[in-house]
Structure formats: C-alpha cells, structure tokens
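Those sequence lines, one after another, are chains A and B.
To convert, note that position 88 of the first sequence is 91 in this note's numbering; the numbers rise steadily by one, no gaps.
To convert, note that position 43 of the second sequence is 52 in this note's numbering; the numbers rise steadily by one, no gaps.
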Amino acid sequence: MKEFGYERPAHPTDALAMIAGVAGARFLGGGTNLVDLMKLGVETPAVLIDVTALPYDFVTDDADGGLRVGSGTRNSDLAAHLAVRRRYPALAQAVLAGASGQLRNMATVGGNLLQRTRCPYFQDVTKPCNKRVPDSGCPARDGEHHNLAILGGSDLCIATNPSDMAVALAAFDAVVFVEEPAGPRAVPIADFYRLPADEPQRETTLEPGALITAVALPALPWAANSRYRKARERASYSFAIGSVAVALDVADGMVRDVRIALGAVAPIPWRAYRAEQSLRGQPATEVAFREAADAELEWAQPLRDNRYKVPLVRNLMVRTLIELVQAS
Amino acid sequence: MTDPYSLTVNGTDHQVVDAWLGESLLYVLRERLGLPGSKAGCEQGECGSCSVIVDGSLECACLILAAAAVGCDITTVEGLQPGRGDFTTVQEAFIAEGAVQCGFCTPGLVVALTDLLARVPHPSDLEVREAISGNLCRCTGYGRILAAAQAAAKAASDE
Ligand SMILES: Cc1cc2nc3c(=O)[nH]c(=O)nc-3n(C[C@H](O)[C@H](O)[C@H](O)COP(=O)(O)OP(=O)(O)OC[C@H]3O[C@@H](n4cnc5c(N)ncnc54)[C@H](O)[C@@H]3O)c2cc1C
Ligand code: SF4
Numbered sequence: 004m005k006e007f008g009y010e011r012p013a014h015p016t017d018a019l020a021m022i023a024g025v026a027g028a029r030f031l032g033g034g035t036n037l038v039d040l041m042k043l044g045v046e047t048p049a050v051l052i053d054v055t056a057l058p059y060d061f062v063t064d065d066a067d068g069g070l071r072v073g074s075g076t077r078n079s080d081l082a083a084h085l086a087v088r089r090r091y092p093a094l095a096q097a098v099l100a101g102a103s104g105q106l107r108n109m110a111t112v113g114g115n116l117l118q119r120t121r122c123p124y125f126q127d128v129t130k131p132c133n134k135r136v137p138d139s140g141c142p143a144r145d146g147e148h149h150n151l152a153i154l155g156g157s158d159l160c161i162a163t164n165p166s167d168m169a170v171a172l173a174a175f176d177a178v179v180f181v182e183e184p185a186g187p188r189a190v191p192i193a194d195f196y197r198l199p200a201d202e203p204q205r206e207t208t209l210e211p212g213a214l215i216t217a218v219a220l221p222a223l224p225w226a227a228n229s230r231y232r233k234a235r236e237r238a239s240y241s242f243a244i245g246s247v248a249v250a251l252d253v254a255d256g257m258v259r260d261v262r263i264a265l266g267a268v269a270p271i272p273w274r275a276y277r278a279e280q281s282l283r284g285q286p287a288t289e290v291a292f293r294e295a296a297d298a299e300l301e302w303a304q305p306l307r308d309n310r311y312k313v314p315l316v317r318n319l320m321v322r323t324l325i326e327l328v329q330a331s
Numbered sequence: 010m011t012d013p014y015s016l017t018v019n020g021t022d023h024q025v026v027d028a029w030l031g032e033s034l035l036y037v038l039r040e041r042l043g044l045p046g047s048k049a050g051c052e053q054g055e056c057g058s059c060s061v062i063v064d065g066s067l068e069c070a071c072l073i074l075a076a077a078a079v080g081c082d083i084t085t086v087e088g089l090q091p092g093r094g095d096f097t098t099v100q101e102a103f104i105a106e107g108a109v110q111c112g113f114c115t116p117g118l119v120v121a122l123t124d125l126l127a128r129v130p131h132p133s134d135l136e137v138r139e140a141i142s143g144n145l146c147r148c149t150g151y152g153r154i155l156a157a158a159q160a161a162a163k164a165a166s167d168e
C-alpha cells in the first residue's frame, strides 16, 4: 500500500474543500471496497477523507410521501429500517442479500453506490484492463468472463456492476443527491451510472470530487408489492450471477404498472424498460411474463461462458412476477 | 509515520506510537497491542476471522484503518473472556460440542455468535446460519458450530 493522508471532517463544507484542495484525494465510507482495493494496489489515493462523521446517517420521510436515506447510513441500518421494509421491501431484501453481516454493518449507502466491479482482471494490477489503465486492453472478452455483462457492454469493457442495492434503487427511480464543485445536483439513478462505451474508466456522470449526500426514494404506493431475487453460486454471502428487483401493480388480473431492474448482467443496474413496456395493460399471466422477459433479453449479447445468464434472468423475472401476482 | 493516537480496546486505552496510516485495525491489535486473538486470514473482508465489535457493531478489523477507529469502543475476542481460563458461555459451548478443529476461525466465530446472541437470544438455525455466513470455516463443515450456537443459547437462558 502507498503512503497516504487521512482526514475526518465533521462538516460537509470542510470535506468539499479538502477534496478540491488535494489531487488524488478520495472519500472514504465504510472502506469495505476502497481499503480492499488499496491493499491490492488498484487504488492509490493521496489522502482519504473519511465521510462517516458527516451528518448523513439518517432515514427520514420526504414531504411527498417518499423516503430519504442519508449517504452515511450503514447498509444494515437501511435493511432493518421499518419504513424501508414496509414501503420498499425489494430494497431491504437487496441490501440483506449482499455481503455478510460484518460488511453490511460497515458499508455505507454512498460507498455501495460507488463500489467497483469484481471483474478479476480489474482487481489484478499485473493484468491489462481498460477500466483500470485506459487503452491497456481487455483480457476478459476471451478470458474469464462467466460473471460479466450480457447487456450494455462495449468492445472495450464488459464488466458488471456488482451492487445489489443499486438494482432495487434503479427499479424505484431513486434520485441521488450530490454536492459537486459547481454546487448541489439531484441525479436520477437512470442518469447516475454510464455505460462503458469508449471510456470504461468513467463509471458515473459525477464530476470529480462529487460528494454523495443522500438518496431519495420517490413515493410509489405499489412499491410495497416488490421483491428482490438473487441467484448466486452459494446460498448466502456471494455476489449475484443474476438478480431482479420487481414491483408490480396488478388489478383485475391486468398489469397496471410494473418496474423491473436486473443485476449482474450489465455495467450498470439494468432497468428492463422493454419488458416493462410490453407488460403494461397486459393480462398478468405467465405467458405475458415470458414474452416480456424475451422482449428484454432479445438484445442480450452473451459471450462463450456467460450464456447461462440469459435463461437465468429470464426465469428470475418470470418467477418473481408470478410471486408478486400471488402476493397481490 | 502518524502522530501517536489512542485506541480503546476491551475497556482500556492503548497508545499507538510509530504506526503508519496504512495499518489496519487488525494489524495494530495483533502486532502492536499484543492481542493476537483476532486472526489475519484473507485480510479482504471475506473470511470473518478478524471479527471484532466496534461501538456495538460486528465488523471486520482487516478493512478498518486503525487510525479511523480512534474514539470507538473496540471489543476483541480477548475482551469477551472475563479472566484467563474463565470461558464465556459461547466458548464453553464450543468446547462441549467439539466445534473447534484447527481453531483458526474460532475466535471470529465466537465474536460473531456472541454478537448474535446479544441481539437474538433464541435464534433459529437459519438465523444462526445467516449470522455466521461471513465467517468461513474449512474444517468442521459447520455442523458442530451450529450445535454450539444452540447450546450456548440454551445455556444462556438457563442461567
Ligand atoms: C467479501 C465481500 C463480499 C461482498 N458481497 C457483496 C454482495 O454480495 N453484494 C453487494 O452489493 N456488495 C457486496 N460487497 C460490496 C460491498 O457492498 C461494498 O464494498 C460496500 O457497499 C461499499 O461501501 P463502503 O461504505 O464500505 O464504501 P468504501 O469502500 O468506503 O467506498 C467505495 C467508493 O465510494 C466512494 N465513496 C464512499 N462514500 C462516498 C460519498 N458519500 N460520496 C462520494 N463518494 C463516496 C469512495 O471514494 C470509494 O470510491 C462485498 C464486499 C466484500 C468485501
Ligand atoms: S471487462 Fe472491463 S474491468 Fe474487466 S478486464 Fe475488461 S476492461 Fe477491465
């Protein structure tokens, strides 16, 4: 690990001044991703600005009936929060499905949003990787890619976003509040992450030095009928190989509205807009669910060793929709 | 080198001098404070052998920067044990149920199960499994550990 400095400001203005003042300064949340990547030599910050003393550890009601979650809220507190469990159950389930009890106690909401890919080449500084070192190449395409993207990848990078939490946030159209050098900004989650295209090193639309302050969950009464399902290589404590967050509003056997987001299939939490569109106004039947899943996955571009993800997420979508009809 | 700082471990303040910032809490506990009970396994948050309790929350000491733990109340496996030779209910249960083989994962599991039983005095088997899913054991196959968890819960409620 390289030498670095450490600061723990108590006020957001100090944190922003510190990050603007030092090249290579980085925010530190729970450290479960950043400290790990520093040990591996992937991240080499000059200064760590610990944000856990900032006043961002809260979950409060928004005036419009939504919920606002501070960026410093620990993952375990978010998952245990009664309002989250009642009103946005897929979010609580997604967070609980991630990592272990120890790690959820440490990890923050802001850090979870910005955790890096688990692509094995990205984590290994002895290997080329366009995301880590632009223009160095992407060994994953012909190499180890069994858990990499089938949707949204580019010739330069097919890494997947590993976050479970972000999949549920995508389904609920969450809004991320940030403080940037130019001032505060509210970023809809659909505009927060970017596809790799020809710049895989840029994963979000945030300005350098942006501080995440909170995440808002807009009011969505039927989000109470939502669910997160995660497939992994063992029953607990493993990253997803495919996951879905689904919310369903069904009346008289018809789909009034639906939200579907997919995890572990794309460089971003993947909102299945095509599947949603094909379902609205349709009968809530298994046949319609299969057609909707196919409408989305028609666009998949699987590689040699990740073809299994296509039937896997198709079945996850269909099973979860059926369960939500039964629960309605 | 950082300025000297102080860590509160098992109720006692310890001065840490001549450290550098990259040292994890795990490293400082083991190498500077003479508390080797927390084990250095994967050092990447995966194996749970370094589990400690920080301000009431079960965490992996390997991913905590020691200097960031200043002002926190830290409990290690050594701090669960009231006096040498005097085992806690969870430790007694591990011995009685034969839940220890090579022993490397044992301190982390003891800390994790102590944390669980403090929050959930009568956990179901599933709750125990989920609670220790972040603690890897490569010897026992976990059966004896699950039995020890239930025995400890029973012993605690009989006390
Ligand atoms: C063994 C293991 C298993 C895991 N399994 C899963 C899993 O199954 N599912 C899953 O979703 N995740 C999993 N994780 C990842 C875990 O969820 C993330 O590491 C965690 O959420 C990151 O949060 P943190 O607060 O620790 O972030 P940190 O490591 O502190 O930071 C991560 C990034 O966010 C930035 N950052 C932090 N806070 C802010 C802020 N407020 N504003 C701006 N930038 C900020 C940092 O600069 C850094 O770039 C696992 C991790 C480990 C180690
Ligand atoms: S897929 Fe992306 S992260 Fe993985 S090696 Fe290729 S460029 Fe790097």
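For each residue, glycine too, the CB sits at the ideal point set by N, CA and C.
Against chain B, a Cβ distance below 7 angstroms from A/G34 picks out L72, I73 and L74. Secondary structure within the stretch 249-286 of chain A: the beta strand (DSSP E) runs of 3 or more consecutive residues, fully enclosed, are 257-266 (chain order).
Pairwise C-beta distances place the stretch 177-190 of chain A out of contact with the stretch 149-166 of chain A, as fewer than three of them are shorter than 8 angstroms. For B/A140, the C-beta contacts it makes with chain A under 8 angstroms involve G104, in order along the chain. Rounded to whole angstroms, the gap between the alpha carbons of A/Q118 and B/G107 is 39 angstroms. Within the same chain, A278, S281 and L282 come within 6 angstroms of A/A295 by CB-CB distance, once the 5 residues on both sides are set aside. Annotated as proximal: A/V128 and A/G44, with beta-carbon spacing under 7 angstroms.
If you draw a straight line from the Cα of A/G114 to the Cα of B/E68, it is about 16 angstroms long. In the three-state DSSP reduction, A/I52 falls in the strand class (E or B). Around the beta carbon of A/S103, a 10 Å sphere encloses 16 or more other beta carbons of the protein chains shown; the residue is thus reported as buried. Inclusion of A/I153 and A/A287 in the CB contact set at 7 angstroms is not warranted, their separation being larger than that value.
At a cut-off of 7 angstroms between C-beta atoms, B/L135 does not count as an interface residue with respect to chain A. In the three-state scheme derived from DSSP, where H, G and I count as helix and E and B as strand, A/R71 is classed as strand. In the DSSP assignment, the residues bridged to A/L31 are A/D53. Taking all protein chains shown into account, A/V316 has 16 or more neighbouring C-beta atoms within 10 Å of its C-beta and is therefore buried. Under a criterion of Cβ atoms nearer than 9 angstroms, no residue of chain A is adjacent to B/C148; the nearest Cβ is some 18 angstroms distant. The C-beta separation of A/R107 from A/N150 comes to about 21 angstroms, leaving the pair out of contact by the 8 angstroms criterion. At a cut-off of 7 angstroms between C-beta atoms, A/D39 counts as an interface residue with respect to chain B.
Using a Cβ distance threshold of 7 angstroms, A/V247 and A/L223 do not count as a contacting pair. Looking at the DSSP output, A/R77 bridges to A/T111. At a cut-off of 7 angstroms between beta-carbon atoms, B/G54 makes contact with chain A. Under the rule that a run must span 4 or more residues, the alpha helix (DSSP H) segments found entirely inside the stretch 129-181 of chain A read 168-174.
The closest CA to that of B/G88, considering only B/A77, B/A78, B/Q100 and B/G80, is found on B/Q100. The alpha-carbon separation between A/V218 and A/F61 amounts to approximately 11 angstroms. A distance below 7 angstroms between beta-carbons, with the five flanking residues on each side excluded, links A/K5 to the following residues of its chain, in chain order: T47.
Excluding the 5 residues flanking it on each side, B/I104 has same chain C-beta neighbours closer than 8 angstroms at F96, in chain order.
Sorting A/A56, A/V38, A/L51 and A/D53 by C-alpha distance to the C-alpha of B/E52 places A/V38 at the top.
For the stretch 90-118 of chain A, the set of positions with a beta-carbon nearer than 7 angstroms to some beta-carbon of chain B reads S103, G104, Q105, L106, N108 and M109 in chain order.
When distances are taken from the beta-carbon of A/R205 to the heavy atoms of ligand 1, even the shortest one reaches 6 angstroms or more. Here the alpha carbon of A/T111 sits roughly 28 angstroms from the alpha carbon of A/H148. Listed as beta-bridge partners of A/A189 by DSSP are A/F180.
Contact holds between the stretch 56-73 of chain A and the stretch 81-92 of chain A, because three or more Cβ pairs, one in each stretch, are under 8 angstroms apart. When A/E326, A/D308, A/Q329 and A/S331 are compared, the shortest CA-CA separation from A/D145 is found for A/D308. B/A28 and A/L94 have their alpha carbons spaced roughly 40 angstroms apart. Inter-segment contact for the stretch 10-29 of chain A and the stretch 29-42 of chain B is absent: fewer than three beta-carbon pairs are separated by less than 8 angstroms. The contact set of A/Y59 on chain B, defined by CB atoms closer than 9 angstroms, is empty, because the minimum CB distance reaches about 16 angstroms.
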